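Undergrad:
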Amino acid sequence: MDRNMKILVVDDFSTMRRIIKNLLKELGFTNLEEADDGQTALPLLRQGNFDFLVTDWNMPGMTGIDLLRAVRADPNLASLPVLMVTAEAKREQIVLAAQEGVNGYIVKPFNGATLKEKIEKIFERVES
Amino acid sequence: MTQVQEQDFQPVVGREKRLADARALVEAIENEDSSSEAQLIGELTAAYSGNIFDEVGRMTREVHDTLKSFAEDERLGALAEDEMPDARDRLRYVITLTEQAATRTLTVTEEATPTAEQIVERSQRLKGELAKVAASEADNARLGGVVESMTRYLDSTTRCGERLKGQFTEIMMAQEFQDLSGQLLMRVIDLLEQLEEKLVGLLQITAPVRSAKAEDGKSAPAERSEDGVGPQLPGAGDNVVKNQDDVDDLLASLGF
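So the sequences go chain by chain: Z and V. Counting from 31, one number per residue, gives the positions in the first sequence under the working numbering. Counting from 76, one number per residue, gives the positions in the second sequence under the working numbering.
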């Protein structure tokens, strides 16, 4: 896994963006950018050469699930690994996210160890 | 509104007359006299239906009176126009306050973490330098003793630094509450907004003269998982995963 990969963190709560960014820094990732919902994230993704997307679900403007759909529908972004970190905990939602092509799903509240484990798993699969 | 009690359904016709009608009805059925039968059934029902109409009339008056008192109730107007928006503002303020507190805490942990890292790194470096000195002065027993106790001290300092780093991470993670509580509060604010709209709508219908603010009348959206429904409360039912293990099991069952 490339520690220099470019990661976009999307969450409408600045507190959560900061927590996720700090955790990612602790894991050795330093190339981090952030956006506060799908609408601001999508243009960044389209022009930014991102390697990984970490997104919340419930956001004003454009939700995380719609962002995931937009990413999968865009030929240039379709293969971008996407990890959802969200408080959305209904089974039907997790199933929906899986159907829409999410690569990992973490339910808040979570911890750094879970984040590390899921990221490693995602890139193990992507790289194999 | 009062519920219609069963005893309100007392027939308007006397007991003797009803008994006589009932006996005559039995007789008519026995004699297969269908025209008398129909007439008697009609009379018996009429004994009760008069009361039903009275009851409907009474209920209608009650509805009217209730709506009238509703429209005249100043308290409701104040509730819809001032107190509910005020309650929303207060909840928004709670979100702002928790955000400020979380941000402050995050700033401090972000500053403190590198300090802890420096303690670890400098202790280790100093330990290495001391080891070199001790090696070059191997015949100096007193120096050897000092280096040994300093090395022990530096090792414990390293462990303290590592522990501090972990504790700062814990403090940082605890700030997650701001996101979760904020999402929950935002849903309550939404609910208040919808209630307020409905109340204003009702007040407008019952008292068209009353000034109303919310006129866009957008209907309350039903909760859709697609839009995200926010954090679940403890004990929210089987449809909700309880922890990350549940999430992993569910995804594993989908082939993840």
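Glycine included, each C-beta is placed from N, C-alpha and C at the ideal position. What you are looking at is a predicted structure, and each value in this text was computed from that prediction instead of being measured.
When the Cα atoms are used, what is the spatial distance from V/Gln336 to V/Glu130?
TA: Within the shown structure, residues of chain V are numbered from 76 to 331, placing residue 336 of chain V beyond reach of any answer.
Undergrad: Less than 7 angstroms between CB atoms is the rule here; does V/Pro189 satisfy it with respect to chain Z?
TA: For this step, residue 189 of chain V is matched to residue 114 along the second sequence. Chain Z, which has no Cβ nearer than 7 angstroms to the Cβ of V/Pro189, makes this no.
Undergrad: Please go through the same chain and pick out, in chain order, the residues whose beta-carbon is closer than 8 angstroms to the beta-carbon of Z/Ala128, but skip the five residues on each side of it.
TA: As a position in the first sequence, residue 128 of chain Z is number 98, starting the count at 1. Hits under 8 angstroms: Tyr135.
Undergrad: Are the Cβ atoms of Z/Ala119 and V/Val316 separated by less than 7 angstroms?
TA: By one-based count along the first sequence, residue 119 of chain Z stands at place 89. By one-based count along the second sequence, residue 316 of chain V stands at place 241. Contact: yes.
Undergrad: For Z/Glu54, tell me which candidate among Z/Gln77, Z/Leu75, Z/Ile37 and Z/Trp87 has the shortest Cα-Cα distance.
TA: Along the first sequence, one-based indexing puts residue 54 of chain Z at 24. The sequence shown places Leu at residue 54 of chain Z, not Glu. The shortest Cα separation from Z/Leu54 among Z/Gln77, Z/Leu75, Z/Ile37 and Z/Trp87 belongs to Z/Ile37.
Undergrad: Pair every Cβ in the stretch 80-99 of chain Z with every Cβ in the stretch 107-117 of chain Z, then say whether three or more of these pairs are closer than 8 angstroms.
TA: Yes, the stretch 80-99 of chain Z touches the stretch 107-117 of chain Z.
Undergrad: Between which residues of its own chain and Z/Glu130 is the CB-CB distance below 8 angstroms, once the five residues before and five after are set aside?
TA: Taking the first residue of the first sequence as position 1, residue 130 of chain Z is located at position 100. Answer for Z/Glu130: Ile95, Leu98, Arg99 and Arg102, listed in chain order.
Undergrad: Given this structure, state the Cα-to-Cα distance separating Z/Asn133 from V/Gly203, to the nearest angstrom.
TA: For this step, residue 133 of chain Z is matched to residue 103 along the first sequence. For this step, residue 203 of chain V is matched to residue 128 along the second sequence. If you take the alpha carbons of Z/Asn133 and V/Gly203, they lie about 44 angstroms apart.
Undergrad: Which residues in chain Z sit within 7 angstroms of V/Leu326, going by Cβ to Cβ distance?
TA: Counting from one through the second sequence, the residue named residue 326 of chain V turns up at place 251. Chain Z residues near V/Leu326: Ile124, Ala128 and Tyr135.
Undergrad: What number of angstroms, rounded off, separates the C-alpha of V/Arg234 from the C-alpha of V/Gly241?
TA: Here the question's residue 234 of chain V lines up with position 159 in the second sequence. Here the question's residue 241 of chain V lines up with position 166 in the second sequence. Cα to Cα, V/Arg234 sits roughly 11 angstroms from V/Gly241.
Undergrad: Is there a Cβ of chain V sitting closer than 7 angstroms to that of Z/Ile152, yes or no?
TA: What you label residue 152 of chain Z is simply residue 122 of the first sequence in a count that begins at 1. Z/Ile152 does not count as touching chain V.
Undergrad: Do you know how far the Cα of Z/Leu74 is from the Cα of V/Asp161?
TA: Residue 161 of chain V sits at position 86 when you count from the first residue of the second sequence. Residue 74 of chain Z sits at position 44 when you count from the first residue of the first sequence. The straight-line gap from Cα to Cα measures roughly 38 angstroms.
Undergrad: State the DSSP-derived secondary structure class of Z/Thr60, mapped to helix, strand or coil.
TA: Looking up residue 60 of chain Z in the first sequence gives position 30. Of the three classes helix, strand and coil, the one that applies to Z/Thr60 here is coil, per DSSP.
Undergrad: For the beta strand (DSSP E) that Z/Gly134 lies in, which residues bound it at each end?
TA: The count along the first sequence starts at 1 and reaches residue 134 of chain Z at position 104. Residues Gly134 to Val137.
Undergrad: Quick one: give me the first and last residue of the beta strand (DSSP E) that Z/Phe82 is part of.
TA: Taking the first residue of the first sequence as position 1, residue 82 of chain Z is located at position 52. Z/Phe82 -> beta strand (DSSP E) spans Phe82 to Thr85.
Undergrad: Near V/Ala311, which residues of its chain fall below 8 angstroms by C-beta distance, leaving aside the five closest residues on each side in sequence?
TA: On the second sequence, position 236 is the one that residue 311 of chain V refers to. Excluding positions up to five away in sequence, the list is empty.
Undergrad: Tell me which residues share the same chain as Z/Gly78 and place their Cβ nearer than 8 angstroms to its Cβ, disregarding the 5 neighbours each side in the sequence.
TA: Within the first sequence, the letter at position 48 stands for residue 78 of chain Z. The residues are Lys36, Leu38 and Glu63.
Undergrad: Exposed or buried, which one is Z/Lys138 when buried takes at least 16 other CB atoms within 10 Å?
TA: Looking up residue 138 of chain Z in the first sequence gives position 108. With 16 or more other Cβ atoms within 10 Å, it is buried.
Undergrad: DSSP state of V/Asp317, grouped into three classes?
TA: Mapped onto the second sequence, residue 317 of chain V falls at position 242. According to the sequence displayed, residue 317 of chain V carries Lys and not Asp. In the structure shown, V/Lys317 sits in coil (DSSP, three-state: anything other than H, G, I, E or B).
Undergrad: Please report the distance separating the alpha-carbon of V/Leu172 from that of V/Arg238.
TA: Counted from its first residue, the second sequence places residue 172 of chain V at position 97. Counted from its first residue, the second sequence places residue 238 of chain V at position 163. Going from the Cα of V/Leu172 to the Cα of V/Arg238 covers about 30 angstroms.
Undergrad: Which residues in chain Z have a C-beta closer than 8 angstroms to the C-beta of V/Ser300? List them in chain order.
TA: Taking the first residue of the second sequence as 1, we reach residue 300 of chain V at position 225. The contacting residues are Glu118, Lys120, Glu122, Gln123 and Leu126.
Undergrad: Give the residues of chain Z in contact with V/Phe145, contact being defined as C-beta atoms less than 9 angstroms apart.
TA: The sequence position of residue 145 of chain V within the second sequence is 70, counting from 1. The contacting residues do not exist; V/Phe145 stays about 35 angstroms from chain Z at best.
Undergrad: Does the beta carbon of V/Leu142 sit closer than 7 angstroms to a beta carbon anywhere in chain Z?
TA: Counting from 1 along the second sequence, the entry for residue 142 of chain V is found at position 67. It does not; no Cβ of chain Z falls within 7 angstroms.
Undergrad: Taking 8 angstroms as the limit between beta carbons, can you name the residues of its chain near V/Val284, skipping five residues before and five after?
TA: On the second sequence, residue 284 of chain V is found 209 positions in, with the first residue counted as 1. Reliability fails at V/Val284, whose pLDDT of 48 lies under 50, so the model's placement of it is uncertain and the value that follows must be treated cautiously. Excluding positions up to five away in sequence, the list is empty.
Undergrad: Hey, is Z/Thr85's beta-carbon within less than 7 angstroms of any beta-carbon in chain V?
TA: Along the first sequence, one-based indexing puts residue 85 of chain Z at 55. With 7 angstroms as the cut-off, Z/Thr85 does not count as an interface residue toward chain V.
Undergrad: Going along chain V in order, which residues have a C-beta closer than 8 angstroms to the C-beta of Z/Gly142?
TA: Numbered from 1 along the first sequence, position 112 holds the residue referred to as residue 142 of chain Z. Per Cβ cutoff of 8 angstroms: Thr244 and Met248.
Undergrad: Rounded to the nearest angstrom, what separates Z/Glu154 and V/Phe243 at their Cα positions?
TA: Counted from its first residue, the first sequence places residue 154 of chain Z at position 124. Counted from its first residue, the second sequence places residue 243 of chain V at position 168. The alpha-carbon atoms of Z/Glu154 and V/Phe243 are separated by roughly 29 angstroms.
Undergrad: Using DSSP with H/G/I as helix, E/B as strand and the rest coil, what is V/Val183?
TA: The count along the second sequence starts at 1 and reaches residue 183 of chain V at position 108. Here V/Val183 sits in helix by DSSP.
Undergrad: Of all Cβ atoms in chain V, is any one closer than 7 angstroms to the Cβ of Z/Phe43?
TA: As a working note, residue 43 of chain Z is residue 13 in the first sequence. It does: the Cβ of Z/Phe43 has a partner Cβ on chain V nearer than 7 angstroms.
Undergrad: How is the beta strand (DSSP E) around Z/Thr116 delimited, first residue to last?
TA: Your numbering for residue 116 of chain Z matches position 86 in the first sequence. Counting along the chain, the beta strand (DSSP E) containing Z/Thr116 begins and ends at Val112 to Thr116.
Undergrad: So is V/Val275 buried or exposed if we call it buried at 16+ other beta carbons inside 10 Å?
TA: Here residue 275 of chain V refers to the residue found at position 200 of the second sequence. Buried is the call here.
Undergrad: In the DSSP assignment, what residue or residues form a beta bridge with Z/Val40?
TA: Taking the first residue of the first sequence as position 1, residue 40 of chain Z is located at position 10. BP columns for Z/Val40 point to Z/Ala65 and Z/Thr85.
Undergrad: Return the Cβ separation of V/Ala146 and V/Leu326 in integer angstroms, given the expectation that the two are a contact with Cβ distance under 8 angstroms.
TA: Start at 1 with the first residue of the second sequence, and residue 146 of chain V comes out as number 71. Start at 1 with the first residue of the second sequence, and residue 326 of chain V comes out as number 251. With a Cβ gap of about 55 angstroms, V/Ala146 and V/Leu326 do not count as contacting.
Undergrad: Could you check whether the Cβ of Z/Asn52 sits closer than 7 angstroms to any Cβ belonging to chain V?
TA: Counting from one through the first sequence, the residue named residue 52 of chain Z turns up at place 22. Yes, Z/Asn52 lies at the interface with chain V (some Cβ there is under 7 angstroms from its Cβ).
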